[in-house]
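So the sequence shown is residues -19 to 389, counted in the working numbering. No residue lacks a Cβ here, since even glycine has one placed at the ideal position from N, Cα and C. Computed from a prediction, not measured in an experiment: that's the story for all the values here. First up is the structure itself, then whatever we jot down about it.
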Amino acid sequence: MPEQQAVRPTLMTRLAAVLRGEVSAETVEAYRRAGAGAYEDLLTAEKLRDRLAGRGATLWQARPGELSQLLCTWNAFALQTLGDQFVEADYTAVPRTVGYLPPVTAEQAAAFLGEVEQWSSRARRAARDPGFDVAAEVSLPASLPAWVEAEPCPRAHLAAMLAAVRTMRDHVQAAQADFARTGIPAGKNALAATVDGMVAEAEGTASYAESLWSPNADAAVHQRVENSVKCAIERYYLIGQLLAMPALLDRPDVQVAMVSGPALPVPGQAGFDPWCLTDPASRASWKRDPAARRAIDHLWRCDPDPAATLTIQAQIDAALRAEAIAAGTTASGAAIGNYYCCPWSAIYLVRAPVVIAGRRLRPGDQFTLDVSAEEIAEGGPFKRALLVGPFHPTNDIDYCDPASGGRHG
């Protein structure tokens, strides 16, 4: 990639950015320039793969420094690619404010780019120290930085993610070919088949997002594309690490389920259940509460994109059926029950690695679906996101509806 040049916004650019509520991209651009070496490092790592294949050594037999160089280089490259694509997609969408970014875009790009340095530094150390083992320093496989929540997801973000997933897919396919070319040791064929299956799954998810997407997509399609492309990106980020250091395949937390279920009926459609977000164990009691009924009605009337909300719930339902999650319990085994805020969603315990709403959850995590219209009256956004615990039993109740009396202890 060409060297990043410093962006110098004009006065008119600054005025346009102020009117759009955008923030300076100076820090993000500094990260981009500092991390641009990740692209050259990837070329060096690809030459290393060629040498390993040429000498007939499998990746299970390579030196720790070689494996660490491959893994760290991949992580740095993927993060730099994601950060660059988020910035470039916004600059393309709004060229008159180049040098400025929407706050959510700046935050997301910085989250990716801010982690490039640590991986690049480790990759360069590994290139010079054959005994360096990054697995002794950090927990692997590494997860992506958290996705910054934005409702709705800006179209430029979707364009960025789709561009990034294509780049990641191309490099994973090349790494997969080298992985096979180096040979698979006896007894490791099942693990190699696991990688092949993960690649096929990621390719299917990415292709689905690409086929579904169009610039005129409605909100429901937009949400499905967002969920799918995030899943594919996370999957490719993981696979790239496994292809660099296949010994990680022996770790049980590597297998991550990406779940989806049949679409739930939206308000106005036959079969719509306004209580479908509520914990089934306590649903009957909430239905008997007049204030709760008003709060649920208010919630759905305020939801600007009920299809997006129901898509997440469908994924949760699918994860339950797959036994990747279960009803949440305390350390002593007592049921935690539902979240205290309307719609009183169940609190879940993650039993197996799973991706829901584009977020990777690990065994032992507690989470709930936090949906709220509480801030809308004050000009705030509608809330729709996974909330990760830990959680503890409480007697508090929050109807999240001024007409229902708000919160009760």
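Range covered by the beta strand (DSSP E) that runs through residue i
i: Val351; result: Gln346 to Ser352
i: Lys363; result: Lys363 to Val368
i: Ala337; result: First-last for Ala337: undefined, no H or E at that position.
Whole-angstrom distance between residue j and residue i, CA atom to CA atom
i: Gln65; j: Ala173; result: 32 Å
i: Pro373; j: Leu290; result: 26 Å
i: Ala91; j: Arg12; result: 12 Å
i: Ser48; j: Leu22; result: 13 Å
i: Ser262; j: Trp193; result: 38 Å
i: Thr7; j: Phe57; result: 19 Å
i: Ile305; j: Glu206; result: 22 Å
i: Gly45; j: Asp378; result: 54 Å
i: Pro245; j: Gln203; result: 15 Å
i: Ala272; j: Asp381; result: 9 Å
i: Met(-19); j: Ser352; result: In this prediction, Met(-19) scores a pLDDT of 47, lower than 50, which makes its location untrustworthy; the coordinate-derived value is nonetheless stated afterwards. If you take the alpha carbons of Met(-19) and Ser352, they lie about 43 Å apart.
i: Thr185; j: Ile219; result: 14 Å
i: Glu20; j: Cys52; result: 13 Å
i: Asn169; j: Glu303; result: 27 Å
i: Leu28; j: Val78; result: 37 Å
i: Val179; j: Tyr216; result: 8 Å
i: Asp376; j: Cys321; result: 9 Å
i: Arg76; j: Gly344; result: 47 Å
i: Ala243; j: Ile276; result: 20 Å
i: Ser101; j: Ser123; result: 18 Å
i: Glu392; j: Arg340; result: Because residue 392 is not part of the residues shown, which for the chain are -19 to 389, the question remains open.
i: Leu171; j: Arg105; result: 29 Å
i: Leu366; j: Ala140; result: 23 Å
i: Val368; j: Pro361; result: 20 Å
i: Gly389; j: Asp269; result: Because Gly389 sits at a pLDDT of 48, beneath the cut-off of 50, its placement in the model cannot be relied upon, and the point is left open.
i: Asp109; j: Leu120; result: 19 Å
i: Cys133; j: Val114; result: 35 Å
i: Val145; j: Trp266; result: 43 Å
i: Ala200; j: Asp285; result: 7 Å
i: Glu190; j: Ala314; result: 44 Å
i: Val152; j: Val175; result: 11 Å
Under the three-state DSSP convention, the category residue i falls into
i: Tyr328; result: strand
i: Met(-19); result: Bear in mind that a pLDDT of 47 at Met(-19), under 50, signals an unreliable position, so the model cannot answer this.
i: Asn318; result: strand
i: Arg263; result: helix
i: Tyr379; result: coil
i: Gly389; result: Bear in mind that a pLDDT of 48 at Gly389, under 50, signals an unreliable position, so the number given afterwards is only what the model happens to contain. Coil.
i: Leu395; result: No answer is possible for residue 395: the residues shown for the chain start at -19 and end at 389.
i: Ala302; result: coil
i: Val3; result: strand
i: Ala122; result: coil
i: Ala227; result: helix
i: Thr374; result: coil
i: Ala307; result: strand
Bounding residues of the alpha helix (DSSP H) (the contiguous stretch that carries residue i)
i: Ala143; result: Arg135 to Arg161
i: Leu62; result: Pro44 to Ala73
i: Ile276; result: Pro270 to Cys282
i: Ala91; result: Pro83 to Leu93
i: Ala439; result: This structure cannot settle anything about residue 439, because the visible part of the chain is limited to -19 through 389.
i: Trp99; result: Val96 to Arg108
i: Leu39; result: Leu39 -> no alpha helix (DSSP H), and no H or E assigned at all.
i: Ala170; result: Asn169 to Leu192
Cβ-based neighbour list, residue i, same chain, cut-off 8 Å, excluding 5 preceding and 5 following
i: Phe371; result: Gly308, Ile316, Tyr319, Ile327, Gln346 and Thr348
i: Leu138; result: Trp193, His202, Val205, Glu206 and Val209
i: Gly163; result: Gly36 and Thr38
i: Ile356; result: Cys282 and Phe362
Same chain only: Cβ atoms within 7 Å of residue i, ignoring 5 sequence neighbours per side
i: Tyr188; result: Ser208
i: Glu183; result: Arg149
i: Gly251; result: Pro245
i: Cys211; result: Thr185, Met238, Val335 and Gly338
i: Ala33; result: Asp158, Arg161 and Thr162
Any C-beta of chain B under 8 Å from that of residue i
i: Phe347; result: Protein chain content of the structure displayed is limited to a single chain, and chain B is not contained in it.
Neighbourhood of residue i by C-beta distance below 6 Å, restricted to the same chain and skipping five residues each side
i: Val128; result: Val84, Glu87 and Gln88
i: Gly63; result: Ala89, Phe92 and Leu93
i: Trp54; result: Gly220 and Ala224
Residue i: CB within 7 Å of a non-hydrogen atom of the ligand ADP
i: Arg43; result: Questions concerning the ligand ADP fall outside what the structure shown contains, since it holds no ligand whatsoever.
* To do: May I ask you to verify whether the region 328 to 340 touches the region 293 to 300, counting CB pairs closer than 8 Å and requiring at least 3?
  => yes
* Contact between the region 319 to 333 and the region 252 to 261: three or more CB pairs below 8 Å? -> With the cut-off at 8 Å, the region 319 to 333 and the region 252 to 261 touch.
* To do: Indicate whether the contact test is met: 3 or more Cβ pairs, each with one atom in the region 150 to 160 and one in the region 215 to 225, closer than 8 Å.
  => Contact between the region 150 to 160 and the region 215 to 225 is present, because at least three Cβ pairs lie under 8 Å.
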